[in-house]
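To start, the structure itself, in structure tokens.
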Amino acid sequence: MDPTTAGRRRIPLHGLMLIGFLVGLTAGLLVNLVIGSDTPWVQWVTANVTGPAGQIFLRLLFMLVLPLLFSALVVGVAEMGDLKALGRAGAKSLAFTVFISAVAVIIGLAMVNIFRPGDGVDPALAQQLLDQGRRGAAAIIGGAPQGVQAGDFFLELVPSNVFSSAAQNEILPVMVFALLFGVGLVLTRSPATERLQQTIEGLFEVMMTLINLVIKLAPIAIACLMFNLAALFGWDLLLRLAAFVGVAVGAMAIHMFVVYPICVATLGGMSPLRFFRSIREAMVVSFSTASSNASLPVSLRVAEQNLGLPRKIARFVLTVGATANQNGTALFEGVTVLFLAQFFGVELSLGQQFVVMLVCILGGVGTAGVPAGSLPVIAMILAMVGVPPEGIGLILGVDRFLDMCRTTLNVTGDLVVATVVARGEEETAEAAKA
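Pasting the structure below:
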């Protein structure tokens, strides 16, 4: 080993993000307690230095979110090209994935509405930062409608011109088009469509590369965003942040230890104790890496060797699930959006929360299975519902731990889906023999 590099250990990105979080938080709290947020030079720094620096980071995320979501959704659905070969297994996987993601988001939204971890902040201070957010990055994406009529809502899901919808940053119509586009690729198999799918996969890879470059700026952006938030909100920030972590982890625990065991026992025909004992290696790897993609090889091995699932079913469900079944991420996105809405005093109607739920479910399909892959989607949803996107800095400092928790939920959910689908296929095969 080169002696010049032996003693030089690079700090991982999540470590740098934590450092940025602590630096910004400490500096902001000192300013709030010692100097006061109304001091002219503090106002100048937040308006001309730390504020714009955080907004640049958010704008970079916004710039990439549409092509990233489009390509990820198309690729995620197109990878179900085995639907023709697997038939019922593919359709069942898709239906159960949507169902389990919807349950996860509903649990998260219910927890936030019941415990309201974002309440208690001075409304005047919240409104001040809310106004700043509306003048900044939140203006990039139009807000969700205040009153959502069922007929109009579903009508607006179908774009009359997808390019116009994309230009106006109407996310849901674009996501619906991406889903239909992916289905079209599944149903149309030819050399030309295979090349087209490869092109879209290339677009996804380019977007992921750019996202990874942007995320490297996160430590600086977090420090700036946290300085602004802490200088304005003071100790209220820490109390709200602790409440947020408690609600998020509680919602994930309910999904992991209540919903999953029920699904495994009733739909998968397996003892929950045996299931969790068999997959504990995959859970440990997913928790430590915070990446569904990195956990995939271990998940495949435990599915085939420990759970005894058919290889064809396990590989299909788990490979697609690494991208398309991110129900832990969907839960986290819903909790985060509602928490920040409460923090900034933005009351979301039931219609708006329904929109948030739909975007979280679809966003779970289009979220990359890598650490911090949900950040672009969360920033986009925040701006959709009129919450200052810079509020995302509030949760980035604790995001690594929550990312590890939700990735474990994602990977466990993939194995739950594989177990349920495998049982259904075995019963179908036995009925055919009889």
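Sequence positions in the sequence shown follow the numbering used here and run 607 to 1040.
For glycine and all other residues, C-beta sits at the position ideal for the given N, C-alpha and C.
Please read all numbers here as calculations on a predicted model, not as lab measurements.
Coarse secondary structure for residue i, derived from DSSP in three states
i	result
Pro618	coil
Arg722	coil
Ser884	helix
Arg921	helix
Phe1100	Residue 1100 is absent from the structure shown; the chain starts at 607 and stops at 1040.
Gly742	In this prediction, Gly742 has a pLDDT of 47, which is less than 50 and means its spatial position is unreliable; what the coordinates show is noted afterwards. Gly742: coil per DSSP, three-state reduction.
Arg795	coil
Leu692	Per-residue confidence for Leu692 stands at a pLDDT of 48, beneath the threshold of 50, marking its modelled position as unreliable; the derived number appears in the next sentence. In this structure, Leu692 counts as helix in the three-state DSSP scheme.
Asp728	coil
Asn654	helix
Met963	helix
Pro765	coil
Gly856	helix
Gly992	coil
Trp1041	For residue 1041 there is no data in the structure shown, the boundaries of the chain being 607 and 1040.
Leu1000	helix
Gln649	helix
Ala896	coil
Gly875	coil
Leu823	coil
Ser677	helix
Glu807	helix
Gln932	coil
Rounded Cβ spacing between residue i and residue j (contact assumed at less than 8 Å)
i	j	result
Gly788	Val943	About 25 Å separates the two Cβ atoms, so there is no contact after all.
Ile868	Val1027	Rounded, the Cβ-Cβ distance is 16 Å, inconsistent with contact.
Gly634	Met832	6 Å
Ala896	Arg1006	7 Å
Leu763	Pro779	6 Å
Thr1025	Phe881	7 Å
Leu619	Ile821	7 Å
Euclidean distance between Cα positions of residue i and residue j
i	j	result
Gly724	Leu915	43 Å
Ala745	Ala659	Residue placement at Ala745 is flagged as unreliable, the pLDDT there being 44, under the threshold of 50; the coordinate-derived value follows with that caveat. Computed Cα separation, rounded: 17 Å.
Val629	Ala829	6 Å
Trp841	Pro995	21 Å
Asn767	Val812	25 Å
Leu823	Glu939	21 Å
Asn654	Leu785	41 Å
Val904	Arg1029	21 Å
Asp644	Pro729	16 Å
Glu953	Leu631	26 Å
Ile662	Met669	10 Å
Ala772	Ile987	15 Å
Gly726	Leu873	42 Å
Met858	Ala710	8 Å
Asn638	Leu843	11 Å
Thr815	Arg801	21 Å
Phe863	Glu910	23 Å
Gly621	Glu807	31 Å
Phe769	Leu793	23 Å
Pro646	Arg616	38 Å
Arg917	Arg665	43 Å
Thr799	Ala827	40 Å
Check whether residue i and residue j have beta carbons under 8 Å apart
i	j	result
Pro797	Phe783	no
Cys1011	Val865	no
Ile817	Leu674	yes
Ser699	Asn933	no
Leu791	Val680	yes
Val960	Gly997	It should be noted that the sequence gives Phe, not Val, for residue 960. No, the Cβ-Cβ distance between Phe960 and Gly997 is not below 8 Å.
Asn912	Ser894	no
Ile860	Ile713	yes
Ala936	Val993	no
Ala985	Leu667	yes
Met623	Val941	no
Leu879	Phe627	no
Val1022	Val870	yes
Gly969	Val983	yes
Ile641	Val651	no
Leu809	Ser677	yes
Val991	Gln958	yes
Ile777	Val965	yes
Val1004	Leu845	no
Leu1008	Val851	yes
Thr1013	Ser892	yes
Pro825	Ile625	yes
Thr925	Leu956	no
Touching by the beta-carbon criterion (3+ pairs, under 8 Å), the region 876-894 and the region 1005-1020: A contact between stretches requires three or more CB pairs, one per stretch, nearer than 8 Å, and the region 876-894 meets this requirement with the region 1005-1020.
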